[in-house]
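Worksheet: one structure, shown below.
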Amino acid sequence: MNISINGISDQLKNEIRDAALNARSHRGAMLSADQREFYREKIKKLLIERDAVLVVHYYVDSELQILAEETGGCVSDSLEMARFGYEHPASTVVVAGVKFMGETAKILSPEKKILLVEDDANCSLDLGCPAEQFSAFCDQHPDREVIVYANTSAAVKARADWVATSSIALKLIQHLHDQGKKVLWAPDKYLGDYVQRQTGADMLMWDAACVVHEEFKADALEALKKQLPDAKVLVHPESPADVIALADAVGSTSQLIQAAKDLGAKKYIVATEMGIYHKMKQVAGDDIELMPAPTAGEGATCESCANCPWMKMNDLEKMADVLENGGNEILIDENIRQQAEVSLKRMVEFGKKVGVTGRSSH
Ligand code: SF4
Numbered sequence: 002m003n004i005s006i007n008g009i010s011d012q013l014k015n016e017i018r019d020a021a022l023n024a025r026s027h028r029g030a031m032l033s034a035d036q037r038e039f040y041r042e043k044i045k046k047l048l049i050e051r052d053a054v055l056v057v058h059y060y061v062d063s064e065l066q067i068l069a070e071e072t073g074g075c076v077s078d079s080l081e082m083a084r085f086g087y088e089h090p091a092s093t094v095v096v097a098g099v100k101f102m103g104e105t106a107k108i109l110s111p112e113k114k115i116l117l118v119e120d121d122a123n124c125s126l127d128l129g130c131p132a133e134q135f136s137a138f139c140d141q142h143p144d145r146e147v148i149v150y151a152n153t154s155a156a157v158k159a160r161a162d163w164v165a166t167s168s169i170a171l172k173l174i175q176h177l178h179d180q181g182k183k184v185l186w187a188p189d190k191y192l193g194d195y196v197q198r199q200t201g202a203d204m205l206m207w208d209a210a211c212v213v214h215e216e217f218k219a220d221a222l223e224a225l226k227k228q229l230p231d232a233k234v235l236v237h238p239e240s241p242a243d244v245i246a247l248a249d250a251v252g253s254t255s256q257l258i259q260a261a262k263d264l265g266a267k268k269y270i271v272a273t274e275m276g277i278y279h280k281m282k283q284v285a286g287d288d289i290e291l292m293p294a295p296t297a298g299e300g301a302t303c304e305s306c307a308n309c310p311w312m313k314m315n316d317l318e319k320m321a322d323v324l325e326n327g328g329n330e331i332l333i334d335e336n337i338r339q340q341a342e343v344s345l346k347r348m349v350e351f352g353k354k355v356g357v358t359g360r361s362s363h
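Using our numbering, you'd call the opening residue of the sequence shown number 2 and step up by one each time.
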């Protein structure tokens, strides 16, 4: 079987690192309890006035997750967020997450107004796969089926044959492999590597990574497991292979939340973004103990420490502002949107055939 990785430039890697550090320094302001209550009430009022609904990712602050559920919105992964926005009767969908999530919502709901809480909320996978470079790379490999992860721009989705979420990637690539097809996978090299090892498919890979999951360290995780023999380990497959190898459950965000319930442990070491703890406790019980898988730690090489710098830019104040002023609207060139919709809906149809809903990226 063939596996090779297409490198991205050191300059682009440095730019992504700088963008992550910059995002980290632009977290929302600390608000007093009175201020938080003020914004919560203001948002509730504006949601009604603007005929809007909140869709919030598992990784954003729990305060926003609670508000979404209180107001009839949704807390989920990116594809479910887009699907919910599409099916909900509201004319405006407010997305608390990162840019590609707003774009995915717009791809499925072109007639709706899609507002992003934080315009600069990005993703290292999306930033690590610029559409022009990626398209040129695809042109060099016309013999390969192009599959892109949900964490990509609309333009990259438009260039792909398929979009895949982490829960459907295994089945989709196995299906293509069984048909004798070769795959070009982008952008997450760790998820691609995981899928390749599971399926044995011939995969050519793009070289991007998530700044959160790439930071988890296997040696330290192994040591922690020895200290906590009762704890189960939950790992998102955007993590390095040696971290995945230590997992009791590997899966997408929705699958890890379910695993926290199904494994029945009282203690979990979690190798994904910490915002997910809120939903894990909601589903598996408030009494479970959750702790982050070890990273190199603050002040060392850790750029995230299990906190996505872009997800954490979302806050109540900015949410109230976009609702009030209609800012940060997601707009996509209609040709690109239509092409991206084809590859996205192709995945959804495949998922129905094989009994996977497509949930979730993360
Ligand atoms: S956690 Fe990683 S993959 Fe998810 S939005 Fe942040 S940088 Fe992107």
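Even glycine gets a Cβ: it sits at the ideal position worked out from N, Cα and C. Just so we're clear, the structure is a prediction, and the values are computed from it rather than from any experiment.
Confirm, please, whether the CB-CB distance from residue j to residue i is below 8 Å.
{"i": "Ala97", "j": "Met320", "result": "yes"}
{"i": "Ile333", "j": "Ala155", "result": "yes"}
{"i": "Cys130", "j": "Val213", "result": "no"}
{"i": "Ala170", "j": "Phe217", "result": "no"}
{"i": "Thr105", "j": "Leu128", "result": "no"}
{"i": "Val95", "j": "Asn123", "result": "no"}
{"i": "Leu235", "j": "Ala272", "result": "yes"}
{"i": "Glu70", "j": "Val61", "result": "no"}
{"i": "Leu205", "j": "Arg145", "result": "yes"}
{"i": "Lys113", "j": "Ser136", "result": "no"}
{"i": "Tyr150", "j": "Asp189", "result": "yes"}
{"i": "Ala161", "j": "Tyr191", "result": "no"}
{"i": "Ser167", "j": "Ser240", "result": "no"}
{"i": "Ile108", "j": "Ala341", "result": "yes"}
Compare the C-alpha of residue i against each of the options and name the closest.
{"i": "Asp249", "options": "Pro241, Ser255 and Ala266", "result": "Ala266"}
{"i": "Leu32", "options": "Asn329, Phe351 and Leu317", "result": "Leu317"}
{"i": "Leu225", "options": "Asp121, His58, Met292 and Ser63", "result": "Met292"}
{"i": "Glu64", "options": "Asp208, Arg37 and Leu13", "result": "Arg37"}
{"i": "Gly268", "options": "Gln256, Glu274, Lys282 and Gly276", "result": "It should be pointed out that residue 268 corresponds to Lys in this sequence rather than to Gly. If we check each option's Cα against that of Lys268, Lys282 comes out closest."}
{"i": "Arg28", "options": "Val118, Asn15 and His89", "result": "Val118"}
{"i": "Ala242", "options": "Gln340, Gln197, Met314 and Val343", "result": "Gln197"}
{"i": "Leu247", "options": "Glu342, Ser167, Tyr150 and Leu222", "result": "Leu222"}
{"i": "Pro143", "options": "Val157, Lys183 and Asp208", "result": "Lys183"}
{"i": "Asn336", "options": "Pro90, Gly103 and Pro111", "result": "Pro111"}
{"i": "Arg51", "options": "Asp322, Glu133 and Asp11", "result": "Asp322"}
{"i": "Met82", "options": "Met102, Cys139 and Pro90", "result": "Met102"}
{"i": "Asn315", "options": "Leu48, Gln66 and Val147", "result": "Gln66"}
{"i": "Leu48", "options": "Pro90, Ile174, Asp35 and Gln12", "result": "Pro90"}
{"i": "Thr153", "options": "Ser125, Ile245, Gly74 and Glu350", "result": "Ser125"}
{"i": "Asp231", "options": "Gln134, Ile270, Leu173 and Asp35", "result": "Ile270"}
{"i": "Ile245", "options": "Phe138, Asp35, Tyr195 and Gln141", "result": "Tyr195"}
In whole angstroms, give me the CA-to-CA distance for residue i and residue j.
{"i": "Phe85", "j": "Val56", "result": "8 Å"}
{"i": "Glu159", "j": "His58", "result": "Here the sequence assigns Ala to residue 159, which means Glu is not the residue at that position. Ala159 and His58: Cα-Cα distance of roughly 23 Å."}
{"i": "Ile4", "j": "Asp19", "result": "Low local confidence applies: a pLDDT of 47 at Ile4 is under 50, so the model's placement there is unreliable, and no value is given."}
{"i": "Asn326", "j": "Phe39", "result": "17 Å"}
{"i": "Ile331", "j": "Asp120", "result": "9 Å"}
{"i": "Asn23", "j": "Pro238", "result": "26 Å"}
{"i": "Gln259", "j": "Asp287", "result": "14 Å"}
{"i": "Lys1", "j": "Ile115", "result": "A query on residue 1 cannot be resolved here, the shown segment of the chain reaching from 2 to 363 and no further."}
{"i": "Ala297", "j": "Lys262", "result": "28 Å"}
{"i": "Gln256", "j": "Lys14", "result": "30 Å"}
{"i": "Leu185", "j": "Asp208", "result": "12 Å"}
{"i": "Thr72", "j": "Ile44", "result": "9 Å"}
{"i": "Ser344", "j": "Ile289", "result": "39 Å"}
{"i": "Gly193", "j": "Gly181", "result": "18 Å"}
{"i": "Thr302", "j": "Arg25", "result": "With a pLDDT of 48 at Thr302, under the threshold of 50, the modelled position of that residue is not reliable, and the figure given next carries that caveat. Answer to the nearest angstrom: the Cα atoms are 14 Å apart."}
{"i": "Gly276", "j": "Met312", "result": "9 Å"}
{"i": "Gly328", "j": "Ala219", "result": "42 Å"}
{"i": "Glu88", "j": "Gln199", "result": "34 Å"}
{"i": "Val157", "j": "Val355", "result": "25 Å"}
{"i": "Ile9", "j": "Ala187", "result": "12 Å"}
{"i": "Glu215", "j": "Ala165", "result": "20 Å"}
{"i": "Ile148", "j": "Glu42", "result": "43 Å"}
{"i": "Tyr278", "j": "Asp78", "result": "14 Å"}
{"i": "Gly1", "j": "Gly74", "result": "For residue 1 there is no data in the structure shown, the boundaries of the chain being 2 and 363."}
The beta strand (DSSP E) that contains residue i, what's its start and end?
{"i": "Tyr278", "result": "It is not in any beta strand (DSSP E) - Tyr278 instead sits in the alpha helix (DSSP H) that spans Tyr278 to Ala285."}
{"i": "Leu47", "result": "Where Leu47 is concerned, there is no enclosing beta strand (DSSP E), although the alpha helix (DSSP H) it sits in stretches over Ala34 to Glu50."}
{"i": "Ser167", "result": "Neither: Ser167 is in no beta strand (DSSP E) and is coded neither H nor E."}
{"i": "Leu117", "result": "Lys114 to Leu117"}
Could you round the C-beta distance between residue i and residue j to whole angstroms and report it? I think they count as a contact, below 8 Å.
{"i": "Gly201", "j": "His176", "result": "Not really, about 13 Å apart at Cβ, beyond 8 Å."}
{"i": "Leu264", "j": "Lys227", "result": "Contact flag wrong, Cβ pair sits at about 19 Å."}
{"i": "Leu324", "j": "Ala30", "result": "The Cβ separation is near 18 Å, so there is no contact."}
Note the first and the last residue of the continuous alpha helix (DSSP H) segment covering residue i.
{"i": "Lys226", "result": "Ala219 to Gln228"}
{"i": "Lys313", "result": "Premise fails: Lys313 is in no alpha helix (DSSP H) and is neither H nor E."}
{"i": "Met102", "result": "Lys100 to Leu109"}
{"i": "Val157", "result": "Ala155 to Arg160"}
{"i": "His178", "result": "Ala170 to Asp179"}
{"i": "Thr254", "result": "Thr254 to Asp263"}
{"i": "Leu13", "result": "Asp11 to Arg25"}
{"i": "Arg145", "result": "Careful: Arg145 lies outside any alpha helix (DSSP H), inside the beta strand (DSSP E) at Arg145 to Tyr150."}
{"i": "Ile67", "result": "Ser63 to Glu71"}
Does the Cβ of residue i lie closer than 7 Å to at least one heavy atom of the ligand PLP?
{"i": "Leu317", "result": "No copy of the ligand PLP appears in this structure; the ligands present are the ligand SF4."}
Could you confirm whether any beta carbon from chain C is found closer than 8 Å to the beta carbon of residue i?
{"i": "Leu109", "result": "Of the protein chains in this structure there is only one, and it is not chain C."}
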